[in-house]
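Below you'll find the structure, written out as structure tokens, and then a few comments.
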Amino acid sequence: MRIEVVTLFPEFVAEAVRVGVLGRAIERGTVAVNATTPREFATDVHKSVDDRPYGGGPGMVMTIEPARTSIRAAKARLPAGSRSVYLAADGAPLTHAKAQELAKLPGLLLLAGRYEGVDERLIQSEIDESVSIGDYVLSGGELPALVLIDAVVRLLPGVLGDEASAIEDSFVAGLLDWPHYTRPEVFEGQAVPAVLVGGNHAAIRRWREQQALGRTWLRRPDLIEKLALTAEQQRLLKE
Ligand code: SAM
């Protein structure tokens with residue numbers, strides 16, 4: 001997969017993708033992430049990329065040009081069938097399902113806004129969809145773009161060392177994850193649940209499913225409502 005990020009802070013994006021799972025995926029060539037700035041296409045002496053909003057009010061708005069030139073140059077580097085996404089607080093929520101959908105694409109163009117956002121006509125002419133990472137406002141689209149990249153790239157085949165860990169993660173089967181423990185077996189008087197050290201794999205599976213169901217029921221009842229629970233799951237939940 002190839003990802004192009006159009007941002008006023010390309011160095012921030014380029015630096016952030018170099019670490020951890022993402023960094024390894026880039027090193028292995030599973031994904032390529034390139035960040036460029038509209039500023040390089042600004043034609044005035046100040047390299048302006050924003051202007052005052054029509055209608056008045058506070059803040060500035062990112063202008064159509066040079067962002068459009070920057071977006072088009074980035075699109076030209078993407079394979080056919082790629083999609084363009086504007087990270088925006090008023091976009092569709094980023095969910096596991098959305099990440100799965102985007103992970104099937106050969107390429108993504110991500111536009112990160114700044115100031116009050118970008119001129120609406122730029123979104124209408126160059127962007128396929130807007131995506132939000134939550135109901136709060138950040139000062140720029142760079143962190144949202146990085147969140148989206150991380151959520152998508154870890155779903156690409158071969159990116160996670162242990163494929164099972166992605167299958168068992170929160171939201172994949174519609175539930176939250178179960179609790180995890182590692183050594184020491186007893187920490188400040190708190191012991192790891194006995195079932196996890198008993199070696200009975202069927203019992204461990206059952207305990208984990210019960211924990212996942214219970215946590216989801218307590219913390220995210222909205223997720224439980226969307227699931228058609230099996231008879232066994234209903235029984236585990238009642239226990
Ligand atoms: N005036 C905009 C509003 O009220 O929706 C907020 C603009 S915000 C200060 C600047 C940029 O940050 C936006 O153009 C967008 O790219 C990004 N941004 C802010 N919050 C976001 C969120 N929750 N999800 C995705 N992008 C966000």
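Residues in the sequence shown are numbered from 1 upward in steps of one, following the UniProt record's numbering.
The beta carbon of each residue, even a glycine, is placed where N, CA and C say it ideally should be.
Just so you know, these numbers come straight off a predicted model, no measurement behind them.
Per-residue burial, residue i [other beta carbons within 10 Å of its own, 16 or more giving buried]
i    : result
G117 : buried
I167 : exposed
A88  : buried
T182 : exposed
A203 : exposed
L58  : One point to set straight first is that residue 58 is Pro, not Leu, in the sequence displayed. So P58 counts as exposed.
R28  : exposed
A194 : exposed
L227 : exposed
P221 : exposed
Candidates the options: closest to residue i by CA position
i    : options                : result
R72  : G29, V6, S139, F171    : V6
T216 : P184, V195, P179, N200 : P179
E4   : R52, L148, L229        : L148
L111 : R83, V137, V172        : R83
A231 : V186, L213, A42        : L213
M62  : R39, G55, D162         : R39
L78  : V197, A35, R235        : A35
V197 : R220, P184, G189, E209 : P184
R206 : R68, E239, R219, Q124  : E239
G174 : K104, S130, E209       : E209
E65  : I123, L176, A76        : I123
V13  : E120, L143, A191       : L143
A97  : F171, Y54, G134        : F171
Residue i and residue j closer than 9 Å at C-beta
i    : j    : result
A80  : P106 : yes
D108 : S132 : Before going on, a small fix: residue 108 reads as Leu here, not Asp. Contact flag unset, no.
V31  : A25  : yes
G158 : G113 : no
L237 : L229 : yes
A151 : A92  : no
T43  : S70  : no
M60  : Y115 : yes
M1   : L160 : no
R219 : L22  : no
R52  : E126 : no
V85  : D128 : yes
V33  : L8   : no
D90  : S139 : no
D162 : D169 : no
Residue-chain proximity (residue i, chain B), Cβ-Cβ < 9 Å
i   : result
H46 : Here chain B cannot be found, since the structure has a single protein chain.
Which of helix, strand or coil DSSP assigns to residue i
i    : result
L94  : coil
L160 : coil
R52  : coil
E239 : coil
S70  : helix
A80  : coil
> Where in the segment 97 to 158 do unbroken runs of the beta strand (DSSP E), each at least 3 residues long, occur, reported from the N-terminal end onward?
Replying inline: 107 to 112, 129 to 132
> Which parts of the segment 163 to 234 are runs of the alpha helix (DSSP H), unbroken and 4 residues or longer, counting only runs that do not cross its ends?
Replying inline: 163 to 168, 201 to 219, 221 to 226
>> Runs of 3 residues minimum, wholly inside the segment 11 to 42: which ones carry the beta strand (DSSP E) assignment?
In response: 32 to 36
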